[in-house]
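Engineer:
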Amino acid sequence: MLYESTRNSNVSILSSEVIMQGIAPDGGLFLPKELSMVSLETVKKMVDMDYCKRAESILNLFLTDFSTEEVQICVRNAYSNKKFDTYDIAPIYKLNNRQYILELWHGPTCAFKDMALQILPQLMTFAREKVGQKDQILILVATSGDTGKAALEGFKDVPGIRLVVFYPDEGVSDAQRMQMITQDGANLDVISVAGNFDDAQMGVKNLFVDEAFLQQVKNLGYRLSSANSINWGRLVPQLVYYFSSYCDMIRAGAIVAGEKINFVIPTGNFGNILAGYYARKMGLPINRLICASNMNNVLTDFFYTGVYNKNKEFKKTISPSMDILISSNLERFLYEMTEHNSQKVSQWMKNLKQDGIYEIDSETHSVMTDIIWAGYANDEQTSETIDSVFRDYHYLLDPHTAVGEKVYLDYVKQTQDVSKTVIIATASPFKFASDVLLSLYVPEISLSRDIFDLQMQLEKISGEHTPESLRILKGKQVVHTKKCSKHAMMAAVSAIIKKADS
Ligand SMILES: *Cc1c(COP(=O)(O)O)cnc(C)c1O
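Counting in this note's numbering, the sequence shown tops out at residue 504, every number present.
1. Sort out for me which residues DSSP pairs Ala113 with in a bridge.
2. Hey, which unbroken runs of the alpha helix (DSSP H) at 4 residues or more fall wholly within the region 12-65?
3. When DSSP labels each residue in this structure, what does Ser175 get in the three-state scheme?
4. From Ala57 to Leu460, what distance separates their C-alpha atoms?
5. State the start and end residues of the unbroken beta strand (DSSP E) segment that holds Asp191.
6. Which one of Ser231, Leu97, Gly477 has the shortest CA to CA distance from Ile21?
7. What is the rounded straight-line gap between the Cα of Leu222 and the Cα of Ala494?
8. Taking the CB atoms as reference points, tell me whether Arg130 and Ser348 lie closer together than 7 Å.
9. Output the boundary residues of the alpha helix (DSSP H) element that contains Gly465.
10. Going by the C-beta, is Gly273 closer than 6 Å to any heavy atom of ligand 1?
11. Verify the contact flag: Pro268, CB atom, against every heavy atom of ligand 1, threshold strictly below 6 Å.
12. Rounded to whole angstroms, what is the Cα-Cα separation between Cys112 and Cys293?
13. Heavy atom of ligand 1 less than 6 Å from the Cβ of Thr428, yes or no?
14. In angstroms with no decimal places, state the Cα-to-Cα distance between Lys35 and Leu125.
15. Say the cut is 6 Å; is the CB of His402 nearer than that to a heavy atom of ligand 2?
16. Mind checking His108: buried by the 16 CB within 10 Å criterion, or exposed?
17. Here's the rule I'm using: 16 or more other beta-carbon atoms within 10 Å means buried, otherwise exposed. How should Glu71 be labelled?
18. If we call anything under 7 Å between Cβ atoms a contact, is Ala144 one with Phe168?
19. How many whole angstroms separate the CB atoms of Leu33 and Trp234, which I take to be in contact at a CB cut-off of 8 Å?
20. Quick check: what's the CA-CA separation for Glu213 versus Pro27?
21. Looking at chain D, is there any beta carbon in it that lies within less than 7 Å of the beta carbon of Ser247?
22. Going along the chain, which unbroken runs of the beta strand (DSSP E) with 3 or more residues stay wholly within the region 326-362?
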């Protein structure tokens with residue numbers, strides 16, 4: 003399988019090069035020239051497989067320059083019971099006859115980012131060998147909270163790789179910050195940036211196209227790559243759980259093979275939902291993909307009007323991992339919607355960069371809305387949803403997943419669609435214990451600033467256990483205290499690689 007850039011369809015490279023580069027030199031994003039289809043027969047065969055086998059089947063279609071043995075090694079290292087706290091890896095939970103929850107938070111950092119970031123380092127290690135790269139890989143990550151920790155866990159002490167994570171100083175939850183600043187590993191740095199996620203993401207993206215900086219990186223024996231969802235290597239592993247959960251729905255007797263279902267995706271950078279789009283395009287019977295946003299609802303407006311306008315006030319919400327105004331992966335979706343028209347996409351992205359706004363043509367707009375339905379929830383609605391789902395089903399949702407649930411209920415009201423639906427649960431409620439507790443109307447709560455105390459209270463109310471990886475943060479030493487302004491990110495990275503070099 004060959005890959006091209008959303009800003010230049012003449013590019014033609016293999017997956018190992020795509021994974022190594024992260025982002026195309028022209029500023030575009032890589033994606034496959036053509037997709038392989040997956041027949042219903044193949045899906046049926048996957049029903050009896052475990053998660054690893056399903057993952058191998060899907061990954062082999064995309065990583066054609068990897069041997070099946072290599073893919074198997076990557077998959078087995080990533081999705082093991084050493085890393086995930088359930089044998090099923092990505093289990094579904096039946097909420098009621100129509101709604102199923104796909105729990106993607108059983109990995110080491112309690113958010114769905116582990117699904118991709120546990121395997122990306124393995125893929126990158128093989129990719130580095132394949133392209134004969136001798137330089138060290140320098141991975142720069144901007145995080146809205148969950149990617150940072152998942153990347154730190156995935157890449158810690160991986161030979162040949164150095165990782166720098168930037169997080170917005172006031173944009174992450176207490177648990178998310180604790181997870182990152184206590185991270186051990188000799189090849190990692192964590193830096194707090196004064197600003198919001200978009201500032202951090204824009205800062206990182208700019209480094210990737212800064213000639214002088216790239217030259218310096220090269221002179222010091224490094225090569226840049228990305229672990230954000232702009233890297234295609236992040237997206238492929240995310241296709242797997244769409245197929246896998248569909249198979250689990252068949253296995254549970256919830257659907258018959260071939261029956262179309264909906265997926266609801268709490269969305270930020272548009273990576274997760276894009277993976278769902280590709281699964282649908284490859285033939286998985288998906289009716290609608292439902293794009294759920296919080297009050298940073300640029301995407302909701304976009305799907306309604308065809309105008310993308312990021313010139314809005316950035317709002318801090320209780321679902322911080324979705325506090326994003328520029329959804330990078332939308333670029334890939336638009337490229338698909340225009341039948342790979344790199345000229346159109348380049349122009350829109352230019353307008354976005356210059357004016358913060360672009361408008362797509364009505365033809366593109368109408369194909370898009372057949373596939374995706376978009377909605378949003380504010381914090382109050384999110385909290386009410388956490389509370390009502392807990393009262394009705396004794397099931398805890400984290401705030402991101404609750405946004406999805408609320409938007410799904412709006413969707414049903416508006417469309418009367420009765421298809422079976424999978425709501426993607428993107429984080430453990432214990433990772434956001436304070437906002438989850440505040441949402442539940444339980445009299446005995448005493449609000450504390452101590453996250454461990456809050457987790458304990460949540461345990462008592464729910465009867466669930468705090469995931470081990472969150473519990474052990476207690477008493478861990480803070481080892482990362484670096485800070486910088488959004489204009490000083492380059493200097494911060496330079497200092498790190500110069501020091502490592504000396
Ligand atoms: C990253 C994240 C999201 C958003 O996913 P995208 O792929 O960026 O759209 C939603 N919820 C949680 C908990 C996340 O960590």
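Each residue gets a CB set at the ideal place from its N, CA and C atoms; glycine is no exception.
Structural biologist: Once the coordinates are examined:
1. In the sequence shown, the residue the question calls residue 113 occupies position 111. Note: Ala113 is bridge-paired with Ala429 in the DSSP secondary-structure output.
2. Look at the region 12-65 and you find these whole runs of alpha helix (DSSP H), each 4 residues long or longer: 17-23, 42-48, 53-64.
3. Numbered from its first residue, the sequence shown carries residue 175 at position 173. Collapsing the DSSP output to three states places Ser175 in coil.
4. Against the sequence shown, residue 57 aligns to sequence position 55. Against the sequence shown, residue 460 aligns to sequence position 458. Going from the Cα of Ala57 to the Cα of Leu460 covers about 34 Å.
5. Counting from 1 along the sequence shown, the entry for residue 191 is found at position 189. Annotation: the continuous beta strand (DSSP E) that includes Asp191 extends over 190-196.
6. Along the sequence shown, read from residue 1 onward, the residue named residue 21 stands at position 19. Among Ser231, Leu97, Gly477, the Cα nearest to that of Ile21 is on Ser231.
7. Position 220 of the sequence shown holds residue 222. Position 492 of the sequence shown holds residue 494. Leu222 and Ala494: Cα-Cα distance of roughly 15 Å.
8. Translated into the one-based positions of the sequence shown, residue 130 becomes position 128. Translated into the one-based positions of the sequence shown, residue 348 becomes position 346. No. Outside cutoff.
9. Locating residue 465 in the sequence shown gives position 463, counting from the first residue. DSSP places Gly465 outside any alpha helix (DSSP H), giving it a letter other than H or E.
10. Sequence index remark: in the sequence shown, residue 273 carries index 271 (1-based). Flag set: Cβ of Gly273 near ligand 1.
11. Locating residue 268 in the sequence shown gives position 266, counting from the first residue. Set against 6 Å, the gap from the CB of Pro268 to the closest heavy atom of ligand 1 is smaller.
12. Indexing the sequence shown from 1 puts residue 112 at position 110. Indexing the sequence shown from 1 puts residue 293 at position 291. Roughly 22 Å between the two C-alpha positions.
13. Residue mapping note: residue 428 aligns to position 426 of the sequence shown, counting from 1. Yes, ligand 1 has a heavy atom inside 6 Å of this Cβ.
14. To locate residue 35, count along the sequence shown from 1; it is residue 33. To locate residue 125, count along the sequence shown from 1; it is residue 123. Straight-line Cα distance between these residues: approximately 20 Å.
15. Absence of ligand 2 from the depicted structure is noted, with ligand 1 being the only ligands included.
16. The residue given as residue 108 occupies position 106 in the sequence shown. It counts as buried.
17. Indexing the sequence shown from 1 puts residue 71 at position 69. Exposed, by the Cβ-count rule.
18. Taking the sequence shown and counting its residues from 1, the one referred to as residue 144 is at position 142. Taking the sequence shown and counting its residues from 1, the one referred to as residue 168 is at position 166. Taking 7 Å as the Cβ cut-off, Ala144 and Phe168 qualify as a contacting pair.
19. Start at 1 with the first residue of the sequence shown, and residue 33 comes out as number 31. Start at 1 with the first residue of the sequence shown, and residue 234 comes out as number 232. Contact check for Leu33 and Trp234: beta-carbon distance about 7 Å, within the 8 Å limit, so the pair qualifies.
20. Within the sequence shown, residue 213 is the residue found at index 211, counting from 1. Within the sequence shown, residue 27 is the residue found at index 25, counting from 1. Going by the C-alpha atoms only, they are around 11 Å apart.
21. Among the chains of the structure shown, chain D does not appear; only one protein chain is present.
22. Here the runs fully enclosed are 359-361.
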